[in-house]
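One structure below.
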Amino acid sequence: MAKEKTVFFCSNCGNESPKWIGKCPACGAWNSYVEERVVTGKSGGGKSLLPESRLESKPLRLSEIKPEKEERILMPSSELNRVLGGGLVPGSIILIGGEPGIGKSTLVLQNMIRIRSRKVLYVSGEESAQQLKMRADRLGADGGECYIVCETSLERIFQHIHNNNPGIVIIDSIQTVASEALESSAGSVGQVRECAASLLKYAKESGTPVILIGHINKEGSIAGPKVLEHIVDAVLQFEGDRHYMYRLLRAIKNRFGSTSELGIYEMTQVGLREVSNPSELLLSESEEELSGTAIGVTVEGVRPLLVESQALVSTAAYGTAQRSVTGFDSKRMNMLLAVLEKRVGFKLALKDVFLNIAGGFKVNDPALDLAVISSILSSNVDMPLPKGVCLTGEVGLSGEIRPVTRLEQRIMEAAKLGFSTIYVPRLNLKGVSTDRFKIKIIEVARVEEVFKGLFG
Ligand code: TYD
Ligand code: MG
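To convert, count from 1 in the sequence shown and add 124; that's the numbering used here.
Printed below as a string of structure tokens:
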């Protein structure tokens, strides 16, 4: 059988070449050539695009379109349902991305072996059927209607789909699948795109939801999820530190729901466990009061979350002061240190500063600023924060405390977890009645006030 024709295109400028080349002669970009299949259609150049025959699809006024009750396939994990926006939509194509070893296969398999209402075809290109069986046993379910096939050829995967007529298809992972029509190897941008496009077509035509699993490296790319993001209906990112137990499932894109939902899991011996009250897990239990720690109230997605900021400030031993940050933006920490130097006389150049967000979480919420500077100050003066205190607020360049989003939710979460005092931005509280909260609220407008309030 003659192979279909493929050509290489520069993904930067669109220049075409019959074979792969490292540097584009047209635009000079390096390593930008991607293999693509060319469809030789009848529509020649220069011909009028107006068709002779009548079309089947017809534009409708918005008011003429009948709303259909959206059907959802419920997943056994309620956290997954929430992140998906209320379950899997028939005919949708979902990408679950994450670093290798984070638990993507576990998450998907754990859910699929508990589905009874539909036949599931789990295509694995990474693990053998034996390995998957062992894992499923560990995850504690008999497997239900889940069928496993180890296959990496796109054409044969479609044969299996045709023969088995599944209700849900899982591809683990999209980087291992290759179409015979392309010469490039599995995992290349061209292959990933081609395979995903075929699966997308199948999902839309048959109404079968398809879940793709994809790896991303630390930098967030490598021939995979990034090129797929615009093709698929939803992108869920599974993240966390492999050395910690917690895993976050975030929707980065979702055509059927909100992207602010967040699912929290804990990796255990028997698979992923849902964490419904994450704040309790993130706070260290110690009764002792230690200097250098402060509790901040952040919001991840729409959920308030209490996290612990830990700082160690010591005299710089060598010429240049060291800065080391985990779980927080290092540029932001440098900015906060500069604010501290200007406002409360923190001698920046003479101190080493180490900052860590406990639990292996990465926090982007600027409302953690106040907890970060409090932990740094606490370590600097070697005095613990008063007991039962938490803080929320963004710090501006001139040392002002800026308002945060969802303040009431944050206060309520802190009160629920038994904190006695919360520091909040003064500007936030306009028009909010504070008497109903069972927690002491201290309003602050400047960094100096926080310092005075905490350490006298
Ligand atoms: P895996 O789902 O294979 O990761 P990915 O598909 O994202 O590459 O699993 C990752 C890790 O999870 C693996 O190192 C072992 C661990 N694990 C557990 O701790 N408990 C379990 O029950 C399972 C199934 C895996
Ligand atoms: Mg895997």
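We treat Cβ as the ideally placed atom computed from N, Cα and C, and that holds for glycine.
- A Cβ-Cβ contact shorter than 8 Å links S216 with F380.
- For K511, the closest C-alpha among the options T417, L231, Y368 and Q446 is that of T417.
- Shortest gap from the CB of V394 to any heavy atom of the ligand TYD: under 7 Å.
- Every residue with a CB closer than 6 Å to a heavy atom of the ligand MG is listed here in chain order: K228, S229, E250 and D296.
- If the five residues before and after A253 are omitted, its C-beta is found closer than 7 Å to the C-beta atoms of I272 and C274, all from its own chain and listed in chain order.
- Just so you know, the alpha carbons of V131 and V293 end up roughly 30 Å apart.
- For the pair Y389 and Q299, the Cα-to-Cα distance works out to about 25 Å.
- In the three-state DSSP reduction, H339 falls in the strand class (E or B).
- Classified as exposed, R240 has fewer than 16 neighbouring CB atoms from the shown chains inside 10 Å of its CB.
- Annotated as proximal: I337 and S297, with beta-carbon spacing under 8 Å.
- Note on H367: under 16 other CB atoms within 10 angstroms of its CB, so exposed under the neighbour-count rule.
- Under the three-state reduction of DSSP output, G425 falls in the coil class, being neither helix nor strand.
- Restricting attention to I220, V571, L578 and L501, the CA atom closest to the CA of V334 is found in I220.
- Put simply, of V158, G331, G210 and A260 the residue whose alpha carbon is nearest the alpha carbon of L386 is G210.
- Distance from the C-beta of P224 to the nearest heavy atom of the ligand TYD is below 7 Å.
- Looking only at P183, M199 and V213, the smallest Cα-Cα distance to K193 is reached by V213.
- For Q434, the pairing in a beta bridge is given by DSSP as T417 and N480.
- Counting C-beta pairs closer than 8 Å gives fewer than three between the segment 499 to 511 and the segment 521 to 530, which falls short of the contact rule.
- Residue A327 holds the alpha-carbon nearest to the alpha-carbon of N289 among A302, A327 and D261.
- With 16 or more other Cβ atoms from the protein chains shown falling within 10 Å of its own Cβ, L460 counts as buried.
- When DSSP reads this structure, M391 sits in a beta bridge with L396.
- Here L396 is buried: its Cβ has 16 or more other Cβ atoms, across all protein chains shown, within 10 Å.
- With contacts defined as CB atoms closer than 8 Å, E160 and G314 qualify as a contacting pair.
- In this structure, V431 and L492 form a Cβ contact; the two beta carbons are roughly 7 Å apart against a cut-off of 8 Å.
- Exclusion of the five residues before and after L263 leaves Q234 and G395 as the residues of its chain whose Cβ lies within less than 6 Å of its Cβ.
- Under the three-state reduction of DSSP, E572 is assigned to helix.
- At a Cβ-Cβ threshold of 8 Å, V437 and L429 do not count as neighbours.
- With fewer than 16 other beta carbons inside 10 angstroms of its own, Y442 counts as exposed.
- Taking 4 residues as the minimum length, the alpha helix (DSSP H) runs contained wholly in the segment 466 to 518 are 493 to 505, in order along the chain.
- In this chain, the beta strand (DSSP E) harbouring C134 covers T130 to C134.
- Counting only unbroken stretches of 3 or more residues, the beta strand (DSSP E) elements lying wholly within the segment 274 to 327 are 292 to 296, in sequence order.
- The beta-bridge partner set that DSSP reports for V528 is empty.
- A Cβ-Cβ separation of about 13 Å leaves G146 out of contact with N139 under the 8 Å criterion.
- The Cβ atoms of I218 and V356 lie closer than 8 Å to each other.
- A residue is called buried once 16 or more other Cβ atoms fall within 10 Å of its Cβ, and R560, having fewer, is exposed.
- For the pair V207 and Q446, the Cα-to-Cα distance works out to about 39 Å.
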